[in-house]
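Sequential numbering of the sequence shown, starting at 206, is according to the numbering used here.
Backbone N, C-alpha and C fix where the C-beta goes; we use that ideal spot for every residue, glycine too.
Predicted, not measured: the structure shown is a model, and the values here were computed from it.
Right, one structure below, let's go through it.
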Amino acid sequence: MKPVRKAVFPVAGLGTRFLPATKAFAKEMLPVVDKPLIQYAMDEAREAGIEQMIFVTGRGKSALEDYFDIAYELETTMRERGKSLDPLEPTRLPPGAVASVRQQEPLGLGHAVWCARDIVGDEPFAVLLPDDLMWGKPGCLAQMVAAYEKVGGNIICAQDVPREKTSSYGIITPGAVDGPLTEVKGLVEKPKPEVAPSTLGVVGRYILQPEVMRILDTQEKGAGGEIQLTDAMAALIGQQPFHGLIVDAVRYDCGDKAGYIQANLALA
Ligand code: G1P
């Protein structure tokens with residue numbers, strides 16, 4: 206079984222729900238207390254043993270790349286003034302650890318992940334949606350990697366969601382349950398509550414096999430007129446092991462104003 210060394214961060218979203226705050230900078234740079242959202246996802250990935258971070262970015266998102274670079278002027282000034290550089294420590298990644306590709310058009314999450322196909326290559330990879338701030342110890346992705354080392358294949362983070370909210374999530378048709386692991390028998394993107402196969406929702410963390418990229422090569426548009434990762438994953442069911450993992454972590458939906466405020470209050 207190949208280890209999970211690479212992680213894709215789809216960060217091309219426009220952040221329209223936070224306008225005007227996000228008019229001139231990336232929504233992933235919105236701070237939760239004193240760290241931007243992207244830092245939480247990055248810390249979680251590093252804790253899980255990820256070595257290569259792949260940003261799928263877009264126009265107006267260069268702050269994300271600068272954030273993980275050296276800030277010579279700032280650091281020189283801080284040193285001259287005898288200030289500690291410790292707060293900058295989490296922004297330092299080993300040389301070459303960040304790669305980025307552009308998603309030129311907002312065609313959906315499946316399309317965003319597919320844009321990273323050449324950097325991912327022929328190995329399993331993680332996907333982290335930074336809007337979903339996952340607060341747990343060990344981190345959410347570390348828990349998923351531990352499960353992956355036991356069962357292999359594809360693992361998605363799963364959480365029970367209120368039935369009236371199924372149309373905001375990928376929803377799982379559950380099979381056999383083994384502790385926190387549930388076999389995934391089907392997946393559907395954003396079903397209406399009355400047709401949802403369960404209330405087990407997909408949260409923004411995935412460990413996927415590279416074959417999903419071959420399915421995305423020809424994936425048609427799905428829910429919302431977008432190329433959906435959920436549809437491509439659904440096509441892998443039956444061909445490879447596929448599990449949902451209920452992690453021991455709290456999810457804050459920071460793509461939503463109320464969730465973002467909750468995250469700030471809880472983490473503060
Ligand atoms: C995306 C996925 C969805 C998943 C959700 C988790 O939707 O398409 O399957 O349940 O993330 O946050 P989005 O929230 O980007 O519309």
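So, at 7 Å on beta carbons, what are the nonlocal neighbours of TRP319 in its own chain, with the 5 sequence-adjacent residues on each side left out?
Hits under 7 Å: MET418 and LEU421.
Should the stretch 256-264 be called in touch with the stretch 298-306, which here means at least 3 C-beta pairs below 8 Å?
Touching, yes.
Enumerate in chain order the residues of its own chain whose CB-to-CB distance from TYR411 is below 6 Å, with the five nearest sequence positions on each side excluded.
In its chain, beyond the 5 residues on either side, VAL332 and ILE361 have a beta carbon closer than 6 Å to the beta carbon of TYR411.
List, from N- to C-terminal side, the beta strand (DSSP E) runs of 3 residues or more that fit wholly inside the stretch 268-340.
As for any beta strand (DSSP E) of minimum length 3 sitting wholly inside the stretch 268-340, the runs are 303-307, 330-333 and 337-340, ordered along the chain.
Determine, using beta carbons only, whether PRO415 and ASN359 come nearer to each other than 8 Å.
Remark: C-beta atoms of PRO415 and ASN359 do not approach each other more closely than 8 Å.
Less than 8 Å between the beta carbons of LEU298 and PHE330, yes or no?
Taking 8 Å as the Cβ cut-off, LEU298 and PHE330 do not qualify as a contacting pair.
Best match in TYR457, ALA439, VAL213 and ALA250 for proximity to VAL325 [C-alpha to C-alpha]:
Of TYR457, ALA439, VAL213 and ALA250, the residue nearest in Cα terms is VAL213.
Apart from the five residues just before and just after ALA473, which ones in its own chain have a Cβ nearer than 8 Å to its Cβ?
In its chain, beyond the 5 residues on either side, VAL238 have a beta carbon closer than 8 Å to the beta carbon of ALA473.
With a 10 Å radius around its C-beta and 16 neighbouring C-beta atoms as the bar for buried, classify TYR504 as buried or exposed.
Given a span of 206 to 473 for the chain in the structure shown, any question on residue 504 remains unanswerable.
Burial state of LEU470 (16 or more Cβ within 10 Å):
Counting the other CB atoms within 10 Å of its CB gives LEU470 a total below 16, which places it among the exposed residues.
Drop a sphere of 10 angstroms on the beta-carbon of TYR374, count the other beta-carbons inside from all chains shown, and report buried for 16 or more, exposed for fewer.
That one is buried.
Any idea if GLU294 is buried or exposed, counting beta-carbon neighbours within 10 angstroms, 16 or more meaning buried?
Exposed: under 16 other Cβ atoms inside 10 Å.
I need the straight-line Cα distance from ALA440 to HIS448, nearest angstrom please.
Taking the straight line joining both Cα atoms gives about 14 Å.
If ASP169 sits next to THR404, beta carbons under 8 Å apart, how far is it from one beta carbon to the other, in whole angstroms?
The requested residue 169 is not part of the displayed model; the chain covers only 206 to 473.
Taking 8 Å as the threshold (C-beta atoms), are LYS207 and GLU328 in contact?
In contact: GLU328 and LYS207 (Cβ atoms closer than 8 Å).
Through-space distance from GLY406 to GLY380, alpha-carbon basis:
Roughly 14 Å between the two C-alpha positions.
To which residues does DSSP link ALA363 through a beta bridge?
Paired residues: VAL407 and ILE451.
Can you give me the C-alpha to C-alpha distance between GLU249 and ILE255, rounded to a whole angstrom?
Rounded to whole angstroms, GLU249 to ILE255 spans 9 Å at the Cα level.
Would you call the stretch 421-436 and the stretch 389-404 in contact, with 3 or more CB pairs under 8 Å?
Touching, yes.
So what does THR378 bridge to, in DSSP terms?
Answer is GLY391, bridged to THR378.
Is ALA253 helix, strand or coil by DSSP?
The DSSP-derived three-state label of ALA253 is coil.
Cα-Cα separation, LYS342 to ILE376:
Their backbone Cα atoms lie some 25 Å apart in a straight line.
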